[in-house]
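> Quick one: the structure is below, questions incoming.
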Amino acid sequence: MSEIVNANRIRNTIIAFAAIALSIAIFFGFQTQTGSVSLEAQAKESTPIEVAMKNGKPTLTEFYADWCTSCQAMAPELAQLKQKYGDSVNFVMLNVDNNKWLPEILRYRVDGIPHFVFIDDQGKAIAQTIGEQPPSVMEANLNALIDHETLPYAASTGQTSELKPTNNPTTDPRSHSSQLPHAEV
1 MSEIVNANRI RNTIIAFAAI ALSIAIFFGF QTQTGSVSLE AQAKESTPIE
51 VAMKNGKPTL TEFYADWCTS CQAMAPELAQ LKQKYGDSVN FVMLNVDNNK
101 WLPEILRYRV DGIPHFVFID DQGKAIAQTI GEQPPSVMEA NLNALIDHET
151 LPYAASTGQT SELKPTNNPT TDPRSHSSQL PHAEV
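Numbering-wise, the numbering used here puts 58 at position 58 of the sequence shown, and it's gapless, one number per residue.
Structural data, given as structure tokens:
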């Protein structure tokens, strides 16, 4: 009988240690997840477009949406680029779901996201890229932007998320109505 009691104690001790280890792993897993780079946090820290157009620095403008998986995938890489180039380049983020940015959405013909517009230090748009871009491509373009050179990957298109039309296509310019030209997919 004492062997059964001892076996039960050993089993219960192992279960308790496993539960503690699992609880610790879950706790640290959630800590890592909340520490990741979010689009919302980056947008709050980005340079306002009004400031970027007047401060004499080149600008990288990103059109994004919180639901865009490509935008989410690029967020950590763009945060690193912002740390590296933030003194030389304005990083502007405009959420396509915010009607406030409708004039810019129309001006730059944003029809897929992420959509990046490279703007020189005089406020002139000189290149655009659409979709998920490798960090090396973004970095090469930023270096060229800073050096007043032709961007090597200005016409590149990566994986995109299409803008989703609302229920009323006649009043929403993002609906891709007949007034706005769009590319065939």
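C-beta atoms are modelled at their ideal positions from N, C-alpha and C, and glycine is treated no differently.
Can you give me the Cβ contacts of L145 inside the same chain, cut-off strictly under 6 Å, excluding the 5 residues immediately before and after it?
Cβ within range, chain order: P58 and F118.
> When the distance is taken between beta carbons, is Y85 closer than 9 Å to L142?
Yes, Cβ-Cβ distance for L142 and Y85 is below 9 Å.
> Can you tell me whether P134 is buried or exposed? The criterion is at least 16 other CB atoms within 10 Å of its CB, across all chains shown.
With fewer than 16 other Cβ atoms within 10 Å, it is exposed.
> Looking at I24 and the ligand SAM, is the gap between the Cβ and the nearest heavy atom below 8 Å?
No copy of the ligand SAM occurs in the structure displayed, which carries no ligand at all.
> Would you please state the rounded distance, in angstroms, between the beta carbons of S46 and P114? I believe it to be under 8 Å.
Not really, about 13 Å apart at Cβ, beyond 8 Å.
> Would you list, in sequence order, the uninterrupted beta strand (DSSP E) runs of no fewer than 3 residues that lie entirely inside the stretch 46–102?
List check, beta strand (DSSP E) in window: 59–64 and 90–95.
> From which residue to which residue does the alpha helix (DSSP H) around A144 run?
First-last of the alpha helix (DSSP H) with A144: P135 to I146.
> Please report the distance separating the alpha-carbon of F17 from that of I26.
Answer to the nearest angstrom: the Cα atoms are 14 Å apart.
> Taking all protein chains shown into account, do 16 or more other C-beta atoms lie within 10 angstroms of the C-beta of L180, making it buried, or fewer, making it exposed?
Confidence is the limiting factor: at L180 the pLDDT is only 43, short of 50, which leaves the residue's position unreliable, though a coordinate-based value still follows. Answer is exposed; the Cβ neighbour count stays below 16.
> Exposed or buried, G112, counting other C-beta atoms within 10 Å across all chains shown (16 or more means buried)?
Buried, since its Cβ has 16 or more Cβ neighbours within 10 Å.
> With distances taken Cα to Cα, identify the nearest neighbour of L81 among Q42, A127, W101 and A125.
Closest by alpha carbon: Q42.
> Could you check if L60 is buried or exposed, using at least 16 other CB atoms within 10 Å of its CB as the buried criterion?
It is buried - the Cβ of L60 has at least 16 other Cβ atoms within 10 Å.
> Is it right to say A73 is buried, meaning 16 or more other beta carbons lie within 10 angstroms of its own, or is it exposed?
Exposed, since its Cβ has fewer than 16 Cβ neighbours within 10 Å.
> Given that a residue counts as buried once 16 or more other Cβ atoms are within 10 Å of its Cβ, and exposed if not, what is E149?
Exposed, because fewer than 16 other Cβ atoms sit within 10 Å of the Cβ of E149.
> Please report the straight-line C-alpha distance between D147 and L22, rounded to a whole angstrom.
Approximately 51 Å between the Cα atoms of the pair.
> Please name the residue, chosen from N6, N12, F116 and P103, that lies closest to L78 on a Cα-to-Cα basis.
Comparing Cα positions, the closest option is F116.
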